[in-house]
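Residue numbers (our numbering): 264 to 549.
We put the beta carbon where it would ideally sit given N, CA and C, even for glycine.
In this text, all values refer to a predicted model and were calculated from it rather than measured experimentally.
One structure is given below, encoded as C-alpha coordinates.
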(Lines of atoms letter the chains of each structure in order from A and count residues from 1; the text may use other names and numbers.)
(Lines give C-alpha, C1' and ligand atoms only; values in the text may rest on other atoms or scores of the structure.)
Protein backbone atom coordinates (compact mmCIF):
# COMPACT_ATOMS: atom_id res chain seq x y z
CA UNK A 1 0.00 0.00 0.00
CA UNK A 2 1.62 3.24 -1.19
CA UNK A 3 -0.05 5.88 1.02
CA UNK A 4 1.74 8.77 -0.71
CA UNK A 5 0.55 7.72 -4.17
CA UNK A 6 -2.99 7.18 -2.94
CA UNK A 7 -2.98 10.66 -1.42
CA UNK A 8 -1.81 12.21 -4.69
CA UNK A 9 -4.80 10.57 -6.34
CA UNK A 10 -7.36 11.86 -3.87
CA UNK A 11 -7.46 9.11 -1.23
CA UNK A 12 -6.53 10.51 2.19
CA UNK A 13 -5.60 8.07 4.94
CA UNK A 14 -7.86 8.19 7.98
CA UNK A 15 -7.06 7.60 11.62
CA UNK A 16 -8.91 4.29 11.34
CA UNK A 17 -6.72 1.47 10.00
CA UNK A 18 -7.09 0.75 6.24
CA UNK A 19 -9.75 3.44 5.76
CA UNK A 20 -9.55 6.47 3.49
CA UNK A 21 -11.57 9.59 2.69
CA UNK A 22 -11.84 10.10 -1.05
CA UNK A 23 -11.65 13.70 -2.21
CA UNK A 24 -13.72 14.59 -5.27
CA UNK A 25 -12.99 17.02 -8.06
CA UNK A 26 -15.53 19.84 -7.84
CA UNK A 27 -15.14 23.02 -9.89
CA UNK A 28 -16.70 26.14 -8.39
CA UNK A 29 -18.87 24.15 -5.98
CA UNK A 30 -21.08 22.88 -8.80
CA UNK A 31 -22.34 19.33 -9.30
CA UNK A 32 -25.29 18.07 -11.32
CA UNK A 33 -28.09 16.07 -9.74
CA UNK A 34 -26.81 13.02 -11.62
CA UNK A 35 -23.35 13.48 -10.12
CA UNK A 36 -24.85 13.95 -6.65
CA UNK A 37 -26.76 10.70 -7.09
CA UNK A 38 -23.47 8.95 -7.87
CA UNK A 39 -21.94 10.45 -4.72
CA UNK A 40 -24.98 9.30 -2.77
CA UNK A 41 -24.72 5.74 -4.04
CA UNK A 42 -20.96 5.47 -3.45
CA UNK A 43 -21.23 6.87 0.09
CA UNK A 44 -24.10 4.51 0.85
CA UNK A 45 -22.46 1.42 -0.68
CA UNK A 46 -18.83 1.87 0.33
CA UNK A 47 -18.79 4.51 3.07
CA UNK A 48 -20.91 5.16 6.14
CA UNK A 49 -23.77 6.88 4.38
CA UNK A 50 -22.60 10.48 4.72
CA UNK A 51 -20.26 12.97 3.05
CA UNK A 52 -18.12 15.85 4.25
CA UNK A 53 -18.36 19.29 2.63
CA UNK A 54 -14.91 20.86 2.73
CA UNK A 55 -14.08 24.50 3.40
CA UNK A 56 -13.26 25.02 -0.30
CA UNK A 57 -16.56 23.78 -1.75
CA UNK A 58 -15.28 20.25 -2.22
CA UNK A 59 -16.71 16.90 -1.20
CA UNK A 60 -15.04 14.03 0.63
CA UNK A 61 -16.52 10.57 1.15
CA UNK A 62 -15.02 9.07 4.31
CA UNK A 63 -14.66 5.46 5.42
CA UNK A 64 -13.67 3.93 2.10
CA UNK A 65 -11.82 0.68 2.83
CA UNK A 66 -8.56 0.02 1.03
CA UNK A 67 -10.07 -3.07 -0.62
CA UNK A 68 -12.78 -0.93 -2.25
CA UNK A 69 -10.60 1.86 -3.66
CA UNK A 70 -10.57 0.54 -7.23
CA UNK A 71 -14.33 -0.03 -7.22
CA UNK A 72 -15.00 3.43 -5.80
CA UNK A 73 -12.72 5.05 -8.35
CA UNK A 74 -14.46 3.21 -11.19
CA UNK A 75 -17.99 4.04 -10.07
CA UNK A 76 -17.16 7.71 -9.55
CA UNK A 77 -15.59 7.97 -13.00
CA UNK A 78 -18.59 6.19 -14.53
CA UNK A 79 -20.82 8.80 -12.90
CA UNK A 80 -18.83 11.69 -14.37
CA UNK A 81 -16.90 12.58 -11.21
CA UNK A 82 -13.14 12.94 -11.11
CA UNK A 83 -10.93 12.62 -8.05
CA UNK A 84 -9.30 15.47 -6.20
CA UNK A 85 -5.57 15.90 -5.78
CA UNK A 86 -3.06 16.60 -3.03
CA UNK A 87 0.56 17.64 -2.85
CA UNK A 88 2.24 20.08 -5.22
CA UNK A 89 -0.63 20.61 -7.62
CA UNK A 90 -3.26 23.13 -8.65
CA UNK A 91 -6.29 22.24 -6.51
CA UNK A 92 -9.99 22.53 -7.24
CA UNK A 93 -11.19 26.04 -8.05
CA UNK A 94 -13.54 27.91 -5.69
CA UNK A 95 -16.20 30.27 -7.02
CA UNK A 96 -19.32 32.17 -6.05
CA UNK A 97 -22.44 32.20 -8.25
CA UNK A 98 -21.28 35.34 -10.06
CA UNK A 99 -23.30 37.09 -12.75
CA UNK A 100 -24.95 33.79 -13.68
CA UNK A 101 -27.29 34.33 -10.71
CA UNK A 102 -26.17 37.21 -8.49
CA UNK A 103 -27.37 40.78 -9.25
CA UNK A 104 -24.04 42.14 -7.98
CA UNK A 105 -21.87 39.94 -10.19
CA UNK A 106 -19.79 41.38 -13.02
CA UNK A 107 -18.30 38.03 -13.97
CA UNK A 108 -19.68 34.57 -14.68
CA UNK A 109 -17.66 32.96 -11.91
CA UNK A 110 -19.28 29.59 -12.49
CA UNK A 111 -18.13 29.39 -16.09
CA UNK A 112 -14.70 30.89 -15.44
CA UNK A 113 -14.03 28.41 -12.63
CA UNK A 114 -14.98 25.58 -14.99
CA UNK A 115 -12.57 26.87 -17.65
CA UNK A 116 -9.72 27.32 -15.16
CA UNK A 117 -10.32 23.85 -13.74
CA UNK A 118 -10.37 22.33 -17.22
CA UNK A 119 -7.08 23.97 -18.19
CA UNK A 120 -5.07 23.96 -14.97
CA UNK A 121 -6.41 21.34 -12.54
CA UNK A 122 -3.66 19.06 -11.16
CA UNK A 123 -0.87 21.02 -12.88
CA UNK A 124 2.43 20.25 -11.16
CA UNK A 125 4.03 22.98 -9.01
CA UNK A 126 6.38 22.94 -5.97
CA UNK A 127 3.56 23.24 -3.42
CA UNK A 128 -0.22 23.32 -3.20
CA UNK A 129 -1.77 26.07 -5.32
CA UNK A 130 -5.32 27.27 -4.75
CA UNK A 131 -7.41 29.51 -7.01
CA UNK A 132 -10.68 31.30 -6.30
CA UNK A 133 -13.06 33.31 -8.48
CA UNK A 134 -15.44 35.97 -7.14
CA UNK A 135 -18.01 37.72 -9.28
CA UNK A 136 -17.38 41.14 -7.74
CA UNK A 137 -15.44 43.07 -5.09
CA UNK A 138 -17.65 41.71 -2.32
CA UNK A 139 -15.33 38.70 -2.46
CA UNK A 140 -17.81 36.06 -1.33
CA UNK A 141 -15.47 33.37 -2.69
CA UNK A 142 -12.59 34.77 -0.59
CA UNK A 143 -10.07 35.34 -3.41
CA UNK A 144 -7.72 37.10 -0.97
CA UNK A 145 -7.25 33.82 0.95
CA UNK A 146 -5.97 31.94 -2.08
CA UNK A 147 -2.64 31.66 -3.86
CA UNK A 148 -4.31 33.37 -6.80
CA UNK A 149 -7.69 35.07 -6.64
CA UNK A 150 -9.86 36.84 -9.20
CA UNK A 151 -12.66 39.31 -8.53
CA UNK A 152 -14.95 40.65 -11.24
CA UNK A 153 -14.68 44.39 -11.93
CA UNK A 154 -15.95 46.82 -14.57
CA UNK A 155 -14.85 50.22 -15.80
CA UNK A 156 -17.81 52.57 -15.37
CA UNK A 157 -18.74 54.86 -18.26
CA UNK A 158 -20.66 58.10 -17.60
CA UNK A 159 -23.26 59.60 -19.98
CA UNK A 160 -23.95 63.15 -18.85
CA UNK A 161 -27.12 63.57 -20.93
CA UNK A 162 -28.82 60.82 -18.93
CA UNK A 163 -27.85 62.21 -15.51
CA UNK A 164 -30.45 63.93 -13.30
CA UNK A 165 -27.91 65.05 -10.70
CA UNK A 166 -29.40 63.02 -7.84
CA UNK A 167 -25.97 62.35 -6.32
CA UNK A 168 -26.77 58.75 -5.43
CA UNK A 169 -23.60 57.50 -7.13
CA UNK A 170 -21.43 59.77 -4.99
CA UNK A 171 -23.23 58.68 -1.83
CA UNK A 172 -22.88 54.98 -2.56
CA UNK A 173 -19.30 54.89 -3.87
CA UNK A 174 -17.23 52.84 -1.35
CA UNK A 175 -13.96 54.39 -2.54
CA UNK A 176 -15.16 58.02 -2.39
CA UNK A 177 -14.10 58.26 -6.02
CA UNK A 178 -17.12 60.29 -7.17
CA UNK A 179 -17.62 63.95 -6.30
CA UNK A 180 -20.40 66.27 -7.41
CA UNK A 181 -19.26 69.28 -9.42
CA UNK A 182 -21.84 71.77 -10.68
CA UNK A 183 -24.51 69.20 -9.95
CA UNK A 184 -22.87 66.41 -11.95
CA UNK A 185 -20.64 63.54 -10.82
CA UNK A 186 -16.92 63.67 -11.48
CA UNK A 187 -15.01 60.36 -11.31
CA UNK A 188 -11.49 60.17 -9.90
CA UNK A 189 -10.00 57.29 -11.89
CA UNK A 190 -7.09 56.95 -9.47
CA UNK A 191 -9.45 56.24 -6.58
CA UNK A 192 -11.96 54.15 -8.53
CA UNK A 193 -11.83 50.44 -7.66
CA UNK A 194 -14.09 49.46 -10.60
CA UNK A 195 -16.64 47.88 -8.27
CA UNK A 196 -19.60 48.97 -10.41
CA UNK A 197 -21.75 50.15 -7.50
CA UNK A 198 -22.46 53.39 -9.37
CA UNK A 199 -23.70 51.43 -12.37
CA UNK A 200 -26.00 49.30 -10.22
CA UNK A 201 -27.38 52.25 -8.24
CA UNK A 202 -27.94 54.81 -11.00
CA UNK A 203 -31.72 55.24 -11.54
CA UNK A 204 -31.35 56.59 -15.09
CA UNK A 205 -28.49 54.40 -16.37
CA UNK A 206 -26.25 57.44 -16.72
CA UNK A 207 -23.51 55.20 -15.34
CA UNK A 208 -23.08 52.18 -17.59
CA UNK A 209 -20.83 49.18 -17.73
CA UNK A 210 -17.68 49.63 -19.76
CA UNK A 211 -14.90 47.08 -20.17
CA UNK A 212 -15.18 44.04 -17.90
CA UNK A 213 -12.18 42.42 -16.26
CA UNK A 214 -10.86 41.10 -12.96
CA UNK A 215 -8.81 42.32 -10.04
CA UNK A 216 -6.04 39.85 -9.27
CA UNK A 217 -4.85 39.00 -5.76
CA UNK A 218 -1.81 36.82 -5.17
CA UNK A 219 -0.06 35.17 -2.26
CA UNK A 220 -2.99 34.53 0.05
CA UNK A 221 -3.02 31.55 2.39
CA UNK A 222 -4.67 30.11 5.48
CA UNK A 223 -3.11 27.57 7.85
CA UNK A 224 -0.39 27.97 10.47
CA UNK A 225 0.83 31.26 9.01
CA UNK A 226 -2.25 32.94 7.50
CA UNK A 227 -1.94 36.00 5.30
CA UNK A 228 -4.28 37.76 2.92
CA UNK A 229 -3.08 38.15 -0.64
CA UNK A 230 -2.08 41.47 -2.15
CA UNK A 231 -3.38 43.09 -5.32
CA UNK A 232 -1.07 41.98 -8.12
CA UNK A 233 -3.06 43.52 -11.00
CA UNK A 234 -5.75 46.15 -10.42
CA UNK A 235 -7.50 45.53 -13.74
CA UNK A 236 -6.89 42.52 -15.94
CA UNK A 237 -8.91 42.00 -19.15
CA UNK A 238 -10.83 38.73 -19.11
CA UNK A 239 -8.94 37.37 -22.10
CA UNK A 240 -5.67 37.65 -20.16
CA UNK A 241 -6.69 35.44 -17.23
CA UNK A 242 -5.09 32.24 -18.63
CA UNK A 243 -1.86 34.13 -19.30
CA UNK A 244 -1.84 35.47 -15.73
CA UNK A 245 -2.27 31.96 -14.34
CA UNK A 246 0.45 30.57 -16.61
CA UNK A 247 2.80 33.37 -15.56
CA UNK A 248 2.12 32.74 -11.87
CA UNK A 249 2.66 28.99 -12.18
CA UNK A 250 5.84 29.61 -14.16
CA UNK A 251 7.12 31.96 -11.45
CA UNK A 252 6.28 29.33 -8.82
CA UNK A 253 8.07 26.56 -10.74
CA UNK A 254 11.15 28.68 -11.32
CA UNK A 255 11.58 30.01 -7.79
CA UNK A 256 9.57 27.76 -5.47
CA UNK A 257 10.97 25.22 -3.05
CA UNK A 258 9.35 21.88 -2.30
CA UNK A 259 6.10 22.33 -0.30
CA UNK A 260 6.60 26.12 -0.16
CA UNK A 261 3.49 28.26 -0.48
CA UNK A 262 3.25 30.68 -3.38
CA UNK A 263 2.98 33.73 -1.14
CA UNK A 264 6.19 32.77 0.64
CA UNK A 265 7.94 32.53 -2.73
CA UNK A 266 6.77 36.01 -3.72
CA UNK A 267 7.89 37.42 -0.38
CA UNK A 268 11.30 35.77 -0.72
CA UNK A 269 11.92 36.72 -4.37
CA UNK A 270 10.14 40.06 -4.21
CA UNK A 271 6.80 41.49 -5.24
CA UNK A 272 8.49 43.72 -7.79
CA UNK A 273 9.86 40.74 -9.72
CA UNK A 274 6.55 38.91 -9.58
CA UNK A 275 4.62 41.93 -10.81
CA UNK A 276 7.12 42.34 -13.65
CA UNK A 277 6.41 38.76 -14.72
CA UNK A 278 2.68 39.44 -14.62
CA UNK A 279 3.02 42.68 -16.58
CA UNK A 280 4.98 40.92 -19.33
CA UNK A 281 2.34 38.21 -19.56
CA UNK A 282 -0.45 40.78 -19.80
CA UNK A 283 1.35 42.86 -22.44
CA UNK A 284 2.17 39.88 -24.65
CA UNK A 285 -0.03 39.79 -27.76
CA UNK A 286 -2.01 42.74 -26.39
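* Asked: Are three or more beta carbon pairs between the region 485 to 494 and the region 511 to 521 nearer than 8 angstroms?
  -> no
* Please report the Cβ distance between residue 482 and residue 525, rounded to the nearest whole angstrom; I am assuming they are in contact, meaning their Cβ atoms lie under 8 angstroms. => The Cβ separation is near 6 angstroms, so the contact holds.
* Does the Cβ of residue 452 have 16 or more other Cβ atoms within 10 Å, making it buried, or fewer, making it exposed? -> exposed
* Beta-carbon separation (whole angstroms), residue 324 vs residue 314, contact threshold 8 angstroms -> 5 angstroms
* Where residue 428 falls, given that 16 or more other Cβ within 10 Å makes a residue buried -> exposed
* Is it the case that the Cβ atoms of residue 304 and residue 342 are separated by a distance below 9 angstroms? -> Contact flag set, yes.
* To do: List the DSSP bridge partners of residue 387.
  => Residue 387 is bridged by DSSP to 352.
* Please name the residue, chosen from 319, 388 and 361, that lies closest to residue 510 on a Cα-to-Cα basis. => 388
* Going by C-alpha distance, which of 310, 498, 282 and 446 is nearest residue 542? -> 498
* Put residue 494 into one of helix, strand or coil per three-state DSSP. => strand
* **Beta-carbon separation (whole angstroms), residue 399 vs residue 436, contact threshold 8 angstroms** => Contact flag wrong, Cβ pair sits at about 14 angstroms.
* **Residue span of the beta strand (DSSP E) that contains residue 397, given as start and end** => 394 to 397
* To do: Please look up how many angstroms separate the CB atoms of residue 289 and residue 320, rounded, as I've assumed it's under 8 angstroms.
  => 6 angstroms
* Starting from the Cα of residue 355, find the closest Cα among 333, 440, 454 and 396 and give me that residue. => Measuring from the Cα of residue 355, the nearest candidate turns out to be 396.
* Name the DSSP bridge partner or partners of residue 328? -> 282
* Under 8 angstroms by Cβ, that's how I've got residue 421 and residue 477 pegged, so tell me the actual separation to the nearest angstrom. => About 22 angstroms separates the two Cβ atoms, so there is no contact after all.
* Could you spell out the range, first to last residue, of the alpha helix (DSSP H) harbouring residue 538? => 534 to 546
* Give the single residue among 277, 362 and 496 whose Cα lies nearest to the Cα of residue 480. => 496
* If you draw a straight line from the alpha carbon of residue 442 to that of residue 456, how long is it in whole angstroms? -> Roughly 15 angstroms separates the two Cα atoms.
* **Among 410, 521 and 505, nearest to residue 390 - alpha-carbon criterion** => Measuring from the Cα of residue 390, the nearest candidate turns out to be 521.
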